[in-house]
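Enquirer: Residues in the sequence shown are numbered consecutively from 306, following this note's numbering.
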Amino acid sequence: MQNRKNESRRPKPAGSNWTDKQWQAITCRGGDVLVTAGAGSGKTSVLVERILQHIMDRENPVEIDRLLVVTFTKAAAAEMKQRIGAALEKALQKNPRLNFLRRQLLLLNKAAISTVHSFCLQVIKRYYYLQDLDPACRILEETEAALLQQDVIEEVLETYYDREEADGLFYRLVDMYSSHRGDEALSALLLRLYSFSRSHRQPALWLQEQAAAFAVEGAAELKQTPWAKEMLLYCRQATAGWVSRLQAARRLSGRPDGPTPYLADLQAELSVLQQIEKAAHCSWAELYAALQRPVFGRLKPCRGENYSRFLIESVQQMRNACKKELQDLKETLFQRSLAEQAAELSSLAPLYHFLVGIVEDFSRRYRRAKAERGALDFNDLEHHALKILSRPESTVDSLLPSAAALQYRTQFAEVLIDEYQDINPVQEAILTLVSRPEPGGNTFMVGDVKQSIYRFRLAAPELFLEKYHAYNKGTLPGTCLALMHNFRSRREILAGVNFIFSQIMDAAVGEMAYDREAWLHYGAAYPAACPAEPPTAGEGKTVSNPRALEALFITRTAGDNGVNGNGPATGGENEIPVTDTAGEAGSFSPGEKEFDEGTGEEEELDQAALEGRLLAGKIKELLGAGGKKPFTIYERETGGMRPAAYRDIVILLRTARHWAIPILEELRKAGIPAYAELGTGYFAATEVEVMLSLLKVIDNPYQEIPLAAVLRSPLVWLNA
306 MQNRKNESRR PKPAGSNWTD KQWQAITCRG GDVLVTAGAG SGKTSVLVER
356 ILQHIMDREN PVEIDRLLVV TFTKAAAAEM KQRIGAALEK ALQKNPRLNF
406 LRRQLLLLNK AAISTVHSFC LQVIKRYYYL QDLDPACRIL EETEAALLQQ
456 DVIEEVLETY YDREEADGLF YRLVDMYSSH RGDEALSALL LRLYSFSRSH
506 RQPALWLQEQ AAAFAVEGAA ELKQTPWAKE MLLYCRQATA GWVSRLQAAR
556 RLSGRPDGPT PYLADLQAEL SVLQQIEKAA HCSWAELYAA LQRPVFGRLK
606 PCRGENYSRF LIESVQQMRN ACKKELQDLK ETLFQRSLAE QAAELSSLAP
656 LYHFLVGIVE DFSRRYRRAK AERGALDFND LEHHALKILS RPESTVDSLL
706 PSAAALQYRT QFAEVLIDEY QDINPVQEAI LTLVSRPEPG GNTFMVGDVK
756 QSIYRFRLAA PELFLEKYHA YNKGTLPGTC LALMHNFRSR REILAGVNFI
806 FSQIMDAAVG EMAYDREAWL HYGAAYPAAC PAEPPTAGEG KTVSNPRALE
856 ALFITRTAGD NGVNGNGPAT GGENEIPVTD TAGEAGSFSP GEKEFDEGTG
906 EEEELDQAAL EGRLLAGKIK ELLGAGGKKP FTIYERETGG MRPAAYRDIV
956 ILLRTARHWA IPILEELRKA GIPAYAELGT GYFAATEVEV MLSLLKVIDN
1006 PYQEIPLAAV LRSPLVWLNA
């Protein structure tokens, strides 16, 4: 699991609570270290302790201002400073005569513990004269930057519209990416391209490379492009999924009460799909030819009462899903041969070179607009810092440190990076320039690629994976350590998580296999789980809610079952409440009406309301509604158990924008106190949206949607 060049050079103190892996991560020296830290593994504590061990090293103490600590958010940086300060004060109380510790407390406020952007700003203020920058420049907030970008992109597009001689390429772009309602889609595309380009070290070069990728010479060259390889990989995964589902449908059909007349048809269709799957592993041409064959025909009817209606519908649903996905694949990728697609791409190459030209025009105008305001945005901080720290002759493949970067290498004894899986290529280049080169590097990186959720913000988790594999294989000098003991959750939770993710996450889907090395192992010390009531359902059994709003699938975790990796569970279960929105018997689907006995009225339920009502019932159950014994919670401070309270419960949503308010309403109807941080922002407020619509109507009274918004608003109160 690791390159053992860097070993812990200090024994673990007697009575220490650190695990062996944690202590090694804290004390190993002499080279780059990558720590893959699972959820709840104490990575922040390890990072703080490593900093403290550097400071209080008797042989080679390091002052805190000689450490560069990079965190992902300002809140994380503030928390780290607070924890380091508290630890230093505690150490000073034990050794009040150690002036070195007192000095570290004084240096803490000026220590380089910050976000990447804050560090970039420090670089710019220190070396602003190298790039002819204003050291007193202000930083644009995201909302202000977005508004300025919108103004500039509108100005750019107006310039192209107002040309005396209409450019054919421009109007082709407008036709492709606009609708009769406007060119907002084209504006969004231009801004998205600009944003993506700024996450690369040389934005203009990256844009030109993307446009040049369209100029392909025939099918042979197209087959070698990343697009074709990625699409062929997708086809292999898709065909394997169809074969697996149709095999499952055939097994269901072969059951005693299954739709046995389907067996012969399913077997014939399965044979064709298996041939398609085999062709997908050969070449694009063979897959194209295989997909021209008909696959699905008409199933034989199942007459009589000897067949299970549930099994018939299940088989039909599985088969129809395969049929639809196959048809979609044919329509999206295989309507034309590879040669025809290559010719089409080549014809689009001039168009996308023109598109890149518009993005570069926008970039120049946006840069000028920021300069007029004496401002920079967050991307500017990164790129100006990169220019300061690298020599002009640097290339994408060769990063050469400037004199400023060499000064930072001398200053920093170690560079510590938190949440390394969420870094982007520009940030990686900046931190590489201020770190010592291999071998004998001084970079300490902590993260977990399984927790990378910021790819939409242009994070590049592949940087983490490259070092993870290189360090483990020994192709690069460095140490790779894994902290997989979870100190936050109960054994039952970890067993459920490991069971699910070991089946659905692999290198093809999640870029990393969820195998034994990636499992979360139990490291906490909770008392044995004692369910408030005996379990009412066995594994896989469905429990119906009295209001028929959900089916409860209870997954038992008693015993190791090959997924816990840390001994048998202590009891309890993981519950997955499922709201059935498919209109099955005994459930509600979105838009279905329910009679409210209290008001005598019908109410319409949508999916969010269904889930809100389900959650309300579950919360009441946990708190002891209906005479049940309330769920008990371990109190860390007292070391005992207490009944659950409302404050112990949190509801996590993938997005709060459309779900939080309906769920809040259902909770409040049930008498459950709740609040949500919607975070919609100033421009999402109703009164601000009304005024923006009014301004749009003043600018152009023919805009129908803003006009309707104004007429229905309190400004007019039109209700018909």
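Even for Gly, the Cβ is constructed at its ideal location relative to N, Cα and C.
All figures in this text were calculated on a predicted structure; none of them were measured in a lab.
(1) Drop a sphere of 10 angstroms on the beta-carbon of Leu403, count the other beta-carbons inside from all chains shown, and report buried for 16 or more, exposed for fewer.
(2) Can we say the segment 758-776 touches the segment 796-803, given the rule of at least three CB pairs closer than 8 Å?
(3) In terms of residues, what are the limits of the beta strand (DSSP E) holding Ile331?
(4) Below 8 Å, how does it come out for the segment 437-448 and the segment 744-761: are there three or more Cβ pairs, yes or no?
(5) Looking only at DSSP bridge pairs, what is His790 linked to?
(6) Give me the residue from Gln640, Glu771, Phe749 with the minimum Cα distance to Thr332.
(7) Compute the Euclidean distance between the alpha carbons of Val521 and Ala416, then round it to the nearest angstrom.
(8) So, under 8 Å CB-CB, Leu738 and Pro697 are touching, yes? Tell me the CB distance rounded to an integer number of Å.
(9) Compute the Euclidean distance between the alpha carbons of Pro935 and Ala913, then round it to the nearest angstrom.
(10) Whole angstroms is fine: what's the gap from Val701's alpha carbon to Gly745's?
(11) Measure how close the beta-carbons of Asp682 and Phe377 come, nearest whole angstrom, since I'm counting them as under 8 Å.
(12) Looking at the structure shown, is Cys627 part of a helix, part of a strand, or coil, going by DSSP?
(13) Have a look at the DSSP bridge pairing and note the partners of Met750.
(14) Output yes or no for whether 8 Å exceeds the beta carbon distance between Val1015 and Leu999.
(15) Here's the rule: buried if 16 or more other CB atoms are within 10 angstroms of the residue's CB, otherwise exposed. What is Gly864?
(16) For Gln427, which of Tyr713, Arg973, Tyr1007 has the nearest alpha-carbon?
(17) May I ask you to list the residues that DSSP assigns as paired with Ser419?
(18) Assuming Tyr819 is part of the beta strand (DSSP E), what are its boundary residues?
(19) Helix, strand or coil, according to DSSP, for Ile798 in the structure here?
(20) For the structure I just gave you, are there three or more beta carbon pairs, one from the segment 629-639 and one from the segment 508-516, closer than 8 Å?
(21) Touch check for the segment 661-679 and the segment 547-554: three-plus C-beta pairs under 8 Å?
(22) For the beta strand (DSSP E) that contains Ile881, what are its first and last residues?
(23) If you run the structure through DSSP and keep just helix, strand and coil, what is Cys607?
(24) Would you list the residues sitting across from Leu544 in a DSSP beta bridge?
(25) So the candidates are Leu770, His774, Val720; which of them puts its Cα closest to the Cα of Leu373?
(26) If you reduce the DSSP assignment to three classes, tell me which class Met385 lands in.
(27) Quick check on Tyr612: does DSSP put it in helix, strand or coil?
(28) According to DSSP, simplified to helix, strand and coil, what is Gly945?
(29) Assign Asp727 to buried or exposed, taking buried as 16 or more other Cβ atoms, counted over all protein chains shown, within 10 Å of its Cβ.
(30) Going straight from the alpha carbon of Arg973 to that of Arg608, what length do you get?
(31) Quick check on the DSSP output: what are the complete beta strand (DSSP E) runs of length 3 or more inside the segment 384-469, in order along the chain?
(32) What does the Cβ neighbour count give for Ile360, buried or exposed, with the cut at 16 atoms within 10 Å?
(33) Tell me whether Leu478 sits in a helix, a strand or coil according to DSSP, three-state version.
(34) Can you tell me whether Gly944 is buried or exposed, with buried defined as 16 or more other CB within 10 angstroms of its CB?
(35) With DSSP run on the structure shown, which of helix, strand or coil describes Pro935?
(36) Is the number of C-beta pairs between the segment 332-347 and the segment 780-792 that are closer than 8 Å three or more?
Expert: On the basis of the data shown:
(1) Within the sequence shown, residue 403 is the residue found at index 98, counting from 1. With fewer than 16 other Cβ atoms from the protein chains shown falling within 10 Å of its own Cβ, Leu403 counts as exposed.
(2) The answer is no - the segment 796-803 does not touch the segment 758-776, with fewer than three Cβ pairs under 8 Å.
(3) Taking the sequence shown and counting its residues from 1, one reaches residue 331 at position 26. According to the DSSP assignment, Ile331 belongs to no beta strand (DSSP E) but to the alpha helix (DSSP H) extending over 325-332.
(4) The segment 437-448 makes no contact with the segment 744-761; the number of CB pairs closer than 8 Å stays below 3.
(5) Looking up residue 790 in the sequence shown gives position 485. Beta-bridge pairing links His790 to His826.
(6) Walking along the sequence shown from the start, residue 332 turns up at place 27. Nearest option by C-alpha distance: Phe749.
(7) The sequence position of residue 521 within the sequence shown is 216, counting from 1. The sequence position of residue 416 within the sequence shown is 111, counting from 1. Approximately 52 Å, taken between the alpha carbons.
(8) Within the sequence shown, residue 738 is the residue found at index 433, counting from 1. Within the sequence shown, residue 697 is the residue found at index 392, counting from 1. Between Leu738 and Pro697, the beta carbon gap of about 14 Å keeps them out of contact (Cβ cut-off 8 Å).
(9) Along the sequence shown, one-based indexing puts residue 935 at 630. Along the sequence shown, one-based indexing puts residue 913 at 608. So the alpha carbons of these two residues sit roughly 26 Å apart.
(10) What you label residue 701 is simply residue 396 of the sequence shown in a count that begins at 1. What you label residue 745 is simply residue 440 of the sequence shown in a count that begins at 1. Taking the CA atoms as reference points, Val701 sits about 24 Å from Gly745.
(11) For the purposes of this step, residue 682 is taken as residue 377 along the sequence shown, with counting starting at 1. For the purposes of this step, residue 377 is taken as residue 72 along the sequence shown, with counting starting at 1. Cβ atoms of Asp682 and Phe377 stay farther apart than 8 Å, at about 18 Å.
(12) For the purposes of this step, residue 627 is taken as residue 322 along the sequence shown, with counting starting at 1. Residue state, collapsed to three classes: helix.
(13) Working through the sequence shown from its first residue, we reach residue 750 at position 445. Paired residues: Leu339, Ile722.
(14) Working through the sequence shown from its first residue, we reach residue 1015 at position 710. Working through the sequence shown from its first residue, we reach residue 999 at position 694. Yes.
(15) Against the sequence shown, residue 864 aligns to sequence position 559. Low confidence applies to Gly864: its pLDDT is 35, below 50, so where it sits in the model is not reliable, and the reading given next is rough at best. Gly864 is exposed by the Cβ-count criterion.
(16) For the purposes of this step, residue 427 is taken as the residue at position 122 of the sequence shown. Checked all of Tyr713, Arg973, Tyr1007; the closest Cα to Gln427 is Tyr713.
(17) Indexing the sequence shown from 1 puts residue 419 at position 114. Paired residue(s): Val375.
(18) The residue labelled residue 819 in the question sits at position 514 within the sequence shown. Here Tyr819 belongs to no beta strand (DSSP E), and DSSP marks it neither H nor E.
(19) Numbered from its first residue, the sequence shown carries residue 798 at position 493. Ile798 falls in the helix class under three-state DSSP.
(20) Because the criterion of three Cβ pairs below 8 Å is not met, the segment 629-639 and the segment 508-516 do not touch.
(21) Taking 8 Å as the limit for Cβ pairs, the verdict is that the segment 547-554 does not touch the segment 661-679.
(22) Locating residue 881 in the sequence shown gives position 576, counting from the first residue. Where Ile881 is concerned, the enclosing beta strand (DSSP E) stretches over 878-884.
(23) For the purposes of this step, residue 607 is taken as residue 302 along the sequence shown, with counting starting at 1. Of the three classes helix, strand and coil, the one that applies to Cys607 here is coil, per DSSP.
(24) Counting from 1 along the sequence shown, the entry for residue 544 is found at position 239. The sequence shown places Thr at residue 544, rather than the Leu named in the question. Paired residues: none, contrary to the question.
(25) Here the question's residue 373 lines up with position 68 in the sequence shown. In terms of Cα proximity to Leu373, the closest of Leu770, His774, Val720 is Val720.
(26) As a position in the sequence shown, residue 385 is number 80, starting the count at 1. Correct three-state label for Met385: helix.
(27) As a working mapping, residue 612 is identified with position 307 in the sequence shown. Coil, per DSSP.
(28) The count along the sequence shown starts at 1 and reaches residue 945 at position 640. For Gly945, the three-state secondary structure derived from DSSP is strand.
(29) On the sequence shown, residue 727 is found 422 positions in, with the first residue counted as 1. Counting other Cβ atoms within 10 Å of its Cβ, Asp727 reaches 16 or more and is therefore classed as buried.
(30) Translated into positions along the sequence shown, residue 973 becomes position 668. Translated into positions along the sequence shown, residue 608 becomes position 303. Here the alpha carbons of Arg608 and Arg973 stand approximately 50 Å from one another.
(31) The segment 384-469 contains these whole beta strand (DSSP E) runs: 417-420.
(32) Working through the sequence shown from its first residue, we reach residue 360 at position 55. By the C-beta density criterion, Ile360 is buried, having at least 16 other C-beta atoms within 10 angstroms.
(33) Position 173 of the sequence shown holds residue 478. Helix, per DSSP.
(34) Within the sequence shown, residue 944 is the residue found at index 639, counting from 1. So Gly944 ends up on the exposed side.
(35) As a first step, residue 935 is located in the sequence shown; it is residue number 630 there, counting from the start. In the structure shown, Pro935 sits in coil (DSSP, three-state: anything other than H, G, I, E or B).
(36) With the cut-off at 8 Å, the segment 332-347 and the segment 780-792 touch.
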